[in-house]
Amino acid sequence: MTFKINNYYMDILKEIGNIGAGNALTALSTLINKKVDMEVPVIEIIETEKIVEAVEAAEKLIVGVYVSFWGDISGNIMLVFDKESTDHLMEFLFGSKSTSEFYTEMELSALQEIGNILSSAYINSISKLSNLNIQMSVPSVSVDMAASILSVPAIEYSEVSDKIILIENKILEGLNEIVGKLFFMPDIESFTLLFKNLGV
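Counted the way the working numbering counts, the sequence shown spans residues 10 to 209.
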């Protein structure tokens with residue numbers, strides 16, 4: 010059994026996305042101590058089997074931040090940045106871009122915190138709007154090819170739904186642009202309860 014997302018559900022998800030983006034912007038500005046702007050998030054429903062294609066090339070190096078959530082609803086979030094966006098983040102935080110494919114422990118810790126901020130912003134907006142109790146795990150960070158990072162969640166989540174929610178955030182600071190793609194993957198019972206509590 011899979012959950013089908015119709016246009017009405019999409020409108021609700023877009024509202025959650027907008028609120029989450031506002032929360033994320035405030036928290037991120039505080040973290041990096043700079044004014045940043047964020048475009049209105051783009052929310053799409055994509056085929057679960059095409060999750061890797063959503064980040065362009067399967068062999069492209071990406072940074073993935075993986076978070077589990079549980080409580081009244083449960084599931085997983087995968088937040089993905091391409092290498093260029095991640096390097097811009099490092100420049101925001103540390104004053105210089107990384108010149109290596111590998112990140113230091115400090116840089117990985119910073120990415121973990123940014124992933125925590127962005128994921129929490131969306132989870133908290135869902136929690137407040139739906140009056141559901143939701144807790145989150147400590148994020149885990151991995152740097153690898155897109156196919157390696159995303160193929161396992163795609164296979165696992167295909168048993169829950171043939172569609173996956175993709176929220177694309179574009180953060181702007183000066184001339185720099187950071188694109189973060191957040192894949193929201195609740196289990197099927199959570200979909201049903203979430204929309205019920207949102208009055209659908």
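Even for Gly, the Cβ is constructed at its ideal location relative to N, Cα and C. All of these numbers come straight from a predicted model, not from anything done at the bench.
Start-to-end residues for the alpha helix (DSSP H) that takes in residue i
i, result
"G31", "N16 to I41"
"I60", "Unbroken run through I60: none, as it is neither H nor E."
"V161", "A155 to Y166"
"E93", "K92 to F103"
Bounding residues of the beta strand (DSSP E) (the contiguous stretch that carries residue i)
i, result
"Y75", "L70 to G80"
"N185", "N185 to P195"
"K137", "No beta strand (DSSP E) contains K137, which is instead part of the alpha helix (DSSP H) from E114 to S139."
Best match in the options for proximity to residue i [C-alpha to C-alpha]
i, options, result
"I173", "L34, V150, S149 and F200", "F200"
"E182", "I25, L37 and M194", "L37"
"G104", "I197, I126 and I41", "I41"
"S134", "K44, L22 and Y17", "L22"
Cβ-based neighbour list, residue i, same chain, cut-off 6 Å, excluding 5 preceding and 5 following
i, result
"Q121", "P148 and V150"
"V89", "V64, I71, G73 and K190"
"N125", "P148"
Cutoff 8 Å; reference residue i; Cβ partners in own chain excluding five residues on either side
i, result
"M19", "I52 and I54"
"F111", "V152"
Sequence-distant residues of the same chain with beta carbon closer than 7 Å to residue i, five excluded per side
i, result
"K43", "F101 and E182"
Below 8 Å, how does it come out for the segment 64-84 and the segment 137-147: are there three or more Cβ pairs, yes or no?
Touching, yes, given that three or more Cβ pairs across the two stretches are closer than 8 Å.
Counting Cβ pairs closer than 8 Å, one from the segment 96-106 and one from the segment 51-70, do we hit at least three?
The segment 96-106 makes no contact with the segment 51-70: fewer than 3 CB pairs, one atom from each, lie closer than 8 Å.
Across the segment 22-32 and the segment 124-139, are there enough close Cβ pairs to call them in contact, namely three or more that are closer than 8 Å?
By the Cβ criterion, the segment 22-32 is in contact with the segment 124-139, since at least three pairs of Cβ atoms, one from each stretch, lie closer than 8 Å.
For the segment 168-180 against the segment 188-208, do three or more pairs of beta-carbon atoms, one drawn from each stretch, fall closer than 8 Å, so that the two count as touching?
Between the segment 168-180 and the segment 188-208 there are three or more C-beta pairs closer than 8 Å, enough to call the two in contact.
Report yes or no: do the segment 113-120 and the segment 43-55 share at least 3 C-beta pairs separated by less than 8 Å?
A contact is defined here as three or more CB-CB pairs under 8 Å, and the segment 113-120 fails this definition with respect to the segment 43-55.
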